[in-house]
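Residue numbers (my numbering), protein chains in the order written: chain A, 1 to 159; chain B, 160 to 418; chain C, 419 to 495. Please read the structure below before turning to the comments.
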Amino acid sequence: MTGLRAASLGVPFEPVPGFVGTDLPATADFRTVKDPWTGEEIYVVPALRPRWALLHVQEADARGNARILGSPGYDLLMAAAADQVILTAERIIETEELARTPELTGISDLTVAAVVEAPGGARPGDCPGHYDVDGAAIRRYLEAARTAEGLAAYLEAER
Amino acid sequence: MTSPPEPSGVGTGPAAAVADDVRAAADQVVVTLARLVRDGEVTCHGVNSIVPALALMLARQGHAPSARQISIGGGLDGMPPSLPRSSSGSGWLSGSPVVLSNVDVYQLALRGRVDLMLLGCVQVDAHGRVNSTVIGSFDRPEVRLPGGGGAAVLFQVVRRIVVYRTRHEPRALPIAVDFVTATGNLDRVVTPLAVFRATPGGLKLEGFQPGASLDAVRTRTGFAVVPTEDCAPVPPPTVAERQLLERLDPDRLRDLDFL
Amino acid sequence: MLHRIPAALVRELCRQGRRGLRLSKPSPSYDLDLLCAAGCLAEVDAGVASLESAFGGALPGYRRAVEAGLVRVREFS
Numbered sequence: 001m002t003g004l005r006a007a008s009l010g011v012p013f014e015p016v017p018g019f020v021g022t023d024l025p026a027t028a029d030f031r032t033v034k035d036p037w038t039g040e041e042i043y044v045v046p047a048l049r050p051r052w053a054l055l056h057v058q059e060a061d062a063r064g065n066a067r068i069l070g071s072p073g074y075d076l077l078m079a080a081a082a083d084q085v086i087l088t089a090e091r092i093i094e095t096e097e098l099a100r101t102p103e104l105t106g107i108s109d110l111t112v113a114a115v116v117e118a119p120g121g122a123r124p125g126d127c128p129g130h131y132d133v134d135g136a137a138i139r140r141y142l143e144a145a146r147t148a149e150g151l152a153a154y155l156e157a158e159r
Numbered sequence: 160m161t162s163p164p165e166p167s168g169v170g171t172g173p174a175a176a177v178a179d180d181v182r183a184a185a186d187q188v189v190v191t192l193a194r195l196v197r198d199g200e201v202t203c204h205g206v207n208s209i210v211p212a213l214a215l216m217l218a219r220q221g222h223a224p225s226a227r228q229i230s231i232g233g234g235l236d237g238m239p240p241s242l243p244r245s246s247s248g249s250g251w252l253s254g255s256p257v258v259l260s261n262v263d264v265y266q267l268a269l270r271g272r273v274d275l276m277l278l279g280c281v282q283v284d285a286h287g288r289v290n291s292t293v294i295g296s297f298d299r300p301e302v303r304l305p306g307g308g309g310a311a312v313l314f315q316v317v318r319r320i321v322v323y324r325t326r327h328e329p330r331a332l333p334i335a336v337d338f339v340t341a342t343g344n345l346d347r348v349v350t351p352l353a354v355f356r357a358t359p360g361g362l363k364l365e366g367f368q369p370g371a372s373l374d375a376v377r378t379r380t381g382f383a384v385v386p387t388e389d390c391a392p393v394p395p396p397t398v399a400e401r402q403l404l405e406r407l408d409p410d411r412l413r414d415l416d417f418l
Numbered sequence: 419m420l421h422r423i424p425a426a427l428v429r430e431l432c433r434q435g436r437r438g439l440r441l442s443k444p445s446p447s448y449d450l451d452l453l454c455a456a457g458c459l460a461e462v463d464a465g466v467a468s469l470e471s472a473f474g475g476a477l478p479g480y481r482r483a484v485e486a487g488l489v490r491v492r493e494f495s
């Protein structure tokens, strides 16, 4: 999340609390700055701006205004941090339907480059209102991915 | 949400096939974690195991009815009709009046609004340093571990952290962790054999679980085990606790983490 | 987390044989593992990369790739 939030705010870096006494700062590009008012040291991390945010949502109109049902997870942050968004949606709905309750529309089409109607697009994970985690499918994936041949067959079968 | 979850295959398998000692360990760790919750605390749990989420539910249904439970799946004080199989699943939203996204929860913690978190770890040493990052070097590890998931921050902004292990073995409780993922407000460490309390002098043994002895804990702990003055056996689950566990997790999903 | 993953999109990236990608996601799971197993990923920024303990907890494709030096990790929170 650190870094993504800086990108979502359009600032070059962000201060983060914590990390003191841990080995993580040495492994990545952490720096420290002094708080300009108190003089206290705090870690800062650079903005992390992905080129694309790939999100699966329950409902979107054809332009990419999208409604997420249940927890948004980190999706709104990822959408704001990235240059552009690609959406898959369980179903495509009319803009008028979203316009009835616009406060429930979590993603606006302003940075959406493409929308794909893809029912089941989050499987084998869950999609609230549609399907739960499919444990058997996860296990099938894990088994298949043990070999390159198995993985190729899995990817073909899951088209 | 409105549609019922499909049978997911997570946790399917005959409960009867699980050995008694695994069941006992699972029950003991869950109740030990639950008993550590103080009434009124705002609590949260980590991802990937339902053990801490179940412990929080147990506490809320038992001695800590005013404790608040934030679930990683987004709910506040959710009370799902059956235990969701996934720790981050939307089943935890059931009965919750609000959705708290992962970002919301993280930011609540940053603002000092979370009193207690129950987190798993791979290693913890006597200094209360936790490792969930790597065994070996960071750049080319012998084992790449799941990662701290924010622990580096959470250990320093959440008032109390309780860490648990489903297995108690010397390399999980070493003299020094391979890599310091997180350090800070660690309060307790709970395992199937022991409860350690963080003190200024390091982790000290506060209790030993049923079936364990001081010697057994020493043998299976990498760091030197120093008992607290009030070190005592930890009581097994009470009748009331057993009944709650049976009601909240009748399929014994909790056993899976202890196999 | 297995929550509302853009799995179909990720599977298509794998089928297209994409290389050198960088994934930035606080709690990736199946998606990260698949990209690693398929050789698509060069870098990942993640806080916690895992599966539910009921599935074994670890992501085998991710672990293999990192331990072989094929994927660079930045662990953040």
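From the three backbone atoms N, C-alpha and C, an ideal C-beta is built for every residue, glycine too. These figures come from a predicted structure and were not determined experimentally.
Nearest to residue i by alpha carbon, out of the options?
i	options	result
Leu248 (chain A)	C:Arg482, C:Gln434, C:Ser442 and C:His421	Any answer about residue 248 (chain A) is impossible in this case: the structure gives chain A only from 1 up to 159.
Pro224 (chain B)	B:Ile231, B:Ser246, B:Leu215 and B:Ser230	B:Leu215
Gln187 (chain B)	B:Pro300, B:Gly248, B:Leu364 and B:Leu217	B:Leu217
Leu352 (chain B)	B:Pro395, B:Thr340, B:His204 and B:Gly343	B:Pro395
Ser447 (chain C)	A:Ala148, A:Glu149, A:Ala122 and A:Leu151	A:Ala122
Ala114 (chain A)	A:Leu55, A:Leu76, A:Arg31 and A:Thr32	A:Leu55
Leu252 (chain B)	A:Gly73, A:Val112 and A:Ala118	A:Gly73
His130 (chain A)	A:Leu98, A:Gly150, A:Gly70 and A:Asp83	A:Gly70
Thr325 (chain B)	B:His204, B:Ser296 and B:Gly279	B:Gly279
Can you grab the Cα-Cα spacing for the pair residue i / residue j, in whole Å?
i	j	result
Pro17 (chain A)	Val316 (chain B)	8 angstroms
Leu418 (chain B)	Leu195 (chain B)	24 angstroms
Ala476 (chain C)	Pro128 (chain A)	24 angstroms
Arg288 (chain B)	Glu90 (chain A)	44 angstroms
Arg379 (chain B)	Pro386 (chain B)	15 angstroms
Ile42 (chain A)	Ala145 (chain A)	42 angstroms
Phe382 (chain B)	Ile334 (chain B)	4 angstroms
Met78 (chain A)	Ala26 (chain A)	25 angstroms
Glu158 (chain A)	Ala212 (chain B)	33 angstroms
Leu304 (chain B)	Thr292 (chain B)	5 angstroms
Ala136 (chain A)	Leu142 (chain A)	10 angstroms
Ile107 (chain A)	Ala66 (chain A)	5 angstroms
Leu4 (chain A)	Arg49 (chain A)	6 angstroms
Ser471 (chain C)	Ser8 (chain A)	32 angstroms
Leu469 (chain C)	Leu420 (chain C)	8 angstroms
Gly168 (chain B)	Gly39 (chain A)	Caution is warranted here: a pLDDT of 43 is assigned to Gly168 (chain B), below 50, making its placement in the model unreliable, and no coordinate value can be reported.
Ala81 (chain A)	Asp263 (chain B)	16 angstroms
Val489 (chain C)	Ser445 (chain C)	17 angstroms
Asp102 (chain B)	Asp414 (chain B)	Outside the shown range of chain B, which is 160 to 418, sits residue 102 (chain B), and nothing can be said about it.
Gly199 (chain B)	Val190 (chain B)	18 angstroms
Pro369 (chain B)	Val393 (chain B)	6 angstroms
Asp109 (chain A)	Gly271 (chain B)	35 angstroms
Phe314 (chain B)	Val201 (chain B)	15 angstroms
Ala310 (chain B)	Thr340 (chain B)	7 angstroms
According to DSSP, residue i sits in a beta bridge with which residue or residues?
i	result
Val293 (chain B)	B:Arg303
Asp463 (chain C)	C:Ser442 and C:Arg492
Glu14 (chain A)	A:Val45
Thr378 (chain B)	According to DSSP, which records beta bridges pairwise, Thr378 (chain B) is partnered with nothing at all.
Tyr131 (chain A)	A:Cys127
Arg391 (chain B)	Note that residue 391 (chain B) is Ala in the sequence shown here, rather than Arg. DSSP lists B:Gly366 as partners of Ala391 (chain B).
Trp52 (chain A)	A:Gln84
Met276 (chain B)	B:Cys203 and B:Ile320
Pro359 (chain B)	In the DSSP output, where bridge partners are listed per residue, Pro359 (chain B) has none listed.
Gln228 (chain B)	B:Thr202
Leu345 (chain B)	B:Ile320
His498 (chain C)	Since the displayed chain C opens at 419 and closes at 495, residue 498 (chain C) lies outside it and no answer follows.
Thr32 (chain A)	A:Tyr43
At a Cβ threshold of 8 angstroms, is residue i touching chain C?
i	result
Asn207 (chain B)	yes
Gly307 (chain B)	yes
Pro239 (chain B)	no
Arg123 (chain A)	yes
Ile92 (chain A)	no
Any beta carbon of chain B sitting closer than 8 angstroms to that of residue i?
i	result
Pro17 (chain A)	yes
Pro424 (chain C)	no
Ser108 (chain A)	no
Val20 (chain A)	yes
Leu24 (chain A)	yes
Please confirm whether residue i has its beta-carbon closer than 8 angstroms to some beta-carbon of chain A.
i	result
Val321 (chain B)	no
Arg182 (chain B)	no
Tyr448 (chain C)	yes
Leu269 (chain B)	yes
Is the CB of residue i under 8 angstroms away from at least one CB in chain D?
i	result
Leu4 (chain A)	In summary, chain D is missing from the structure at hand, where the protein chains are A, B and C.
Round the Cβ separation of residue i and residue j to the nearest angstrom and send it over; I've been treating them as touching at under 8 angstroms.
i	j	result
Pro239 (chain B)	Gly250 (chain B)	5 angstroms
Val283 (chain B)	Val322 (chain B)	6 angstroms
Ser260 (chain B)	Gly233 (chain B)	6 angstroms
Leu459 (chain C)	Thr88 (chain A)	No, Leu459 (chain C) and Thr88 (chain A) are not in contact; Cβ-Cβ is about 20 angstroms, not under 8 angstroms.
Asp126 (chain A)	Gly248 (chain B)	6 angstroms
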